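Chains as they are written, first to last, in this note's numbering: chain A, 1 to 356; chain B, 357 to 657.
Here's the structure we're looking at; comments come further down.
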Amino acid sequence: MSDQVAAVKLAAITKRFGSVVAVDNVDLEIADGEFFALLGPSGCGKTTTLRMIAGLELPTEGSLKIFGDEAGTLPPNKRPVNTVFQDYALFPHMTVEVNVAFGLKMQRVPKVEIADRVREAISLVRLEGLEQRRSQQLSGGQRQRVALARALVNRPKVLLLDEPLGALDLKLRQEMQGELKALQREVGITFVFVTHDQEEALTMADRIGVLNEGELLQVGTPAEIYEHPVNRFVANFIGQTNLLDATVVSNDTVCLANGAHIPGKSDLGVGARVAVCLRPERAEMQRPDEVPADHQSVVGRLESVTYLGNALVYTVVLDWARLEVRRENQPGGYRPYVGDEVAVSWTLDAISVVRA
Amino acid sequence: MSSTVQPRGTTKIALSVHSWLVYIFFFAPIFVLIVFSFSDDRNVGRWGGFTLEWYQGFFDHSQIQSAVWVSVRVALLSTVISVVLGTLAALALERFKFRGRQVFDALLYLPIIIPDVTMAVMMLLFFAEFFELLEAWFNLDWQKGFGSITISHIAFNISFVSVVVRARLAGMSEVLEEAALDLYATRWKTFRYVTFPQIVPGVAGGALLALTLSLDDVVVTQFAAGPGATTLPVFVFGLIRRGVTPLINATSVLMLTASIFLVALSLAFQQFSGRGGRPLLRGAREAVSTPNKPIKKEIYQ
């Protein structure tokens, strides 16, 4: 990535609204051709970051480069990026066709070329036959396609998507996830999308940037972020997790809150307060006297069992913590009853130690 | 469909009698006005057979004709200028944050809220001072007339236009403008192709409202008018003092017809593509529902 120019490069970008810091000193490089997700809870600054790339907000401090060109203060109409807005922002007084042609008209592209490219874009998002409709006459999914076509017809270097699937119902959303990903592969340009839905980010993105309270906490592939979250917030926000309070004893040992020393790699320094992150599906469960020799374990009482159909979630209560264990619903195997004493165990590679 | 909520028996009769009384109260004077405009008798109120003589008189009366001409010119000119300024004010207030915005906002409502007479006296004083200054500094001798009437009408029309346009703007998402900018439109093109088409019903409605208000105004105009020029309503007001003849009836009927036509047009414009937005006249309606302006209030019903 270093020898290639980044599609988008943010260096020490800060955005303040009055005294509120919306985006705090963010450094980020998004590679050409990447499908990048900005993920975080509402109000974390992800949309502000996207709007700064689009030019709809100007950064208070820092530098923003698009393919190597400083773009921080350029107005939106001078940037090689286009946006798919959250509620699509289709022009209600124009037909689908005119909506899609808008950007090309504004750039004074010759009429013949506009007609060709509009047709091409409309077929790319499979909206043939709806050219003369207005946005009020379209379904949510169709509007989304129009918004995509209207942006992609300009052949932007970077496509920005603000909660692109937020307004769709669950089934359509899952369908569009696959379609968006296929579309991105087909057009081959950089997609940057904003979402608060961790599942959506994990499913679609090549890399994810997790934001909270204006700070970029972690950037990495879905697997890196899921398996090695940097801190308690990321671990909690991405997927379900059990967090056990602990203190670092040495670089490969931590002391749990119950006083037990267990192996756990970290480079946070002796004495640092940490949390041991154990995903429910990676935890195992046995009778207390049947824990395998290479497993670490804690013993507690089974409080409840939640039946999910394809899986079962067991809630185990310790006197200093509460753990969830998720087991596939397979025939046979260990099936404790509520009230039983059980051991929750894990191997060293199942856990990660994160900043508390 | 019968519902227990529907009034029955005496209640129902009482309610319909009440409704008819209200209608009579509203429309009987207008009916009488119209009937006697066709009466062939100099005394209003005494029926002397059907005639169109008074309408003939209206079109033959040279002073009335020049007053009509002044009215039309004042109305058109003040409407055009106040639509441009009022729309700009609405855009500024609705789309930009700037120092003194709230003060400006409040001040903009003043001409709607304050009584006509106060506005008129303000205009009178303003023009007196202004002309004096012109005379003193530039040795110009200006008189009240067409110019001063137009300026005073612009002064109150800006408020009405901007209130109507703002209501429309508030119903329009700012994201549409951002989308246009994102799609390579300049600020001007964004206004031209996105903002303006969205607010055009409000602008047209505001324009027709301004036209009506200008054509109807008596009080402010009376103070701003001079020997040089006067508008039709003010001239009619003068005629009344010299005795009422059916000529005034005929003139009033024609003015009424013109006003109704403009108001109907204005409402039609605002209904047009008003779906989804908030009720367009709400702002204006709230603003004028003050006891000071009973005459103008009826326009918004």
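Note that the Cβ used here is the ideal one computed from N, Cα and C, for glycine as well.
Keep in mind that this is a model prediction, so the values were computed, not measured.
In or out: A/Phe233 buried (at least 16 other Cβ within 10 Å) or exposed? buried
Proximal residues of chain B, C-beta to C-beta of A/Phe102 below 8 Å: Ala536, Leu539, Ala541 and Tyr549
Give the interface partners of A/Gln107 over in chain B, defined as CB-CB distance under 8 Å, in chain order. Tyr540
Looking at chain B, is there any beta carbon in it that lies within less than 8 Å of the beta carbon of A/Asp349? no
Buried or exposed for B/Pro635, please, with buried defined as at least 16 other CB atoms from any protein chain shown within 10 angstroms of its CB. Its pLDDT being 41, under 50, B/Pro635 is placed unreliably by the model, and the measurement read from it follows with that caveat. Exposed is the call here.
Compare the C-beta of A/His261 with all C-beta atoms of chain B and state if any pair is closer than 8 Å. no
For A/Ser417, three-class secondary structure by DSSP: The first residue shown for chain A is 1 and the last is 356, placing residue 417 of chain A beyond what the model contains.
So, is B/Pro385 buried or exposed, given that buried needs 16 or more other C-beta atoms within 10 angstroms? exposed
Closer than 8 Å is the cut-off here; do at least three beta carbon pairs connect the segment 105 to 115 of chain A with the segment 127 to 143 of chain A? no
Taking A/Asn236 as part of the alpha helix (DSSP H), name the residues at either end of that continuous run. Arg232 to Phe237
Rounded to whole angstroms, what's the CA-CA distance from A/Arg79 to B/Trp493? Just pull it up for me. 53 Å
How many Å lie between A/Glu57 and A/Asp27 at the Cα? 17 Å
Is there at least one Cβ from chain A nearer than 8 Å to B/Val531's Cβ? yes
With which residues is A/Trp346 paired in a DSSP beta bridge? A/Gln296
Who are the neighbours of B/Pro471 on chain C, taking C-beta pairs under 8 Å? Among the protein chains of the structure shown, namely A and B, there is no chain C.
Short-range partners of chain B found in the segment 42 to 54 of chain A, where Cβ spacing is below 7 Å: Ala54
Determine contact between the segment 515 to 522 of chain B and the segment 437 to 450 of chain B, defined as no fewer than three beta-carbon pairs at a distance below 8 Å. yes
Go to A/Lys181, then tell me how far its beta strand (DSSP E) extends in each direction, as first and last residue. From DSSP, A/Lys181 is part of no beta strand (DSSP E) but of the alpha helix (DSSP H) over Leu170 to Val187.
Between B/Ala614, B/Phe552 and B/Val575, which has its C-alpha nearest B/Leu567's C-alpha? B/Ala614
Does B/Ser395 come out as helix, strand or coil in the three-state DSSP assignment? strand
DSSP three-state assignment for B/Gln412, whether helix, strand or coil: helix
If you reduce the DSSP assignment to three classes, tell me which class A/Ser63 lands in. strand
Looking at the secondary structure, which residues open and close the alpha helix (DSSP H) in which B/Tyr465 lies? Arg457 to Ile469
For A/Val8, which of A/Asp349, A/Leu160 and A/Glu97 has the nearest alpha-carbon? A/Leu160
Which value, in whole angstroms, describes the spacing of the CA atoms of A/Ile361 and A/Arg126? Here chain A comprises residues numbered 1 to 356, so residue 361 of chain A is not present and cannot be evaluated.
Under 8 Å Cβ-Cβ, which residues of chain B neighbour A/Asp87? Ser529 and Val531
For B/His509, count neighbouring C-beta atoms within 10 Å of its own C-beta (all shown protein chains included) and say buried if the count is 16 or more, exposed if not. buried
Is A/Lys265 buried or exposed, if buried means 16 or more other CB atoms sit within 10 Å of its CB? exposed
Contact set for B/Arg631: own chain, Cβ-Cβ below 6 Å, skip 5 residues either direction: Low confidence applies to B/Arg631: its pLDDT is 42, below 50, so where it sits in the model is not reliable, and the reading given next is rough at best. Nothing meets the Cβ criterion.
Excluding the five sequence neighbours on either side, which residues of its own chain have a C-beta within less than 7 Å of the C-beta of B/Ser570, listed in chain order? Val430, Ala431, Ser434, Thr435, His509 and Asn513
Distance check for B/Arg522 and B/Ser629, CA to CA, integer angstroms please. Note that B/Ser629 scores 48 on pLDDT, short of 50, meaning its location in the model is unreliable; the coordinates nonetheless yield the value given after this. Taking the straight line from one Cα to the other gives about 16 Å.
Report the three-state DSSP secondary structure of A/Asn154 (helix, strand or coil). coil
Which of the three DSSP states is assigned to B/Arg631 in this structure? Reliability of the predicted coordinates at B/Arg631 is poor, the pLDDT of 42 falling under 50, and the value obtained from them is presented with this limitation in mind. Reduced to three states, the DSSP call for B/Arg631 is coil.
In the DSSP output, which residue or residues are listed as bridge partners for A/Ser352? A/Cys277
Given a cut-off of 8 Å, decide if A/Asn77 and B/Thr542 are closer than it, judged by their beta-carbon atoms. yes
Residues that B/Lys545 contacts on chain A, provided the C-beta gap is smaller than 7 Å: Met106
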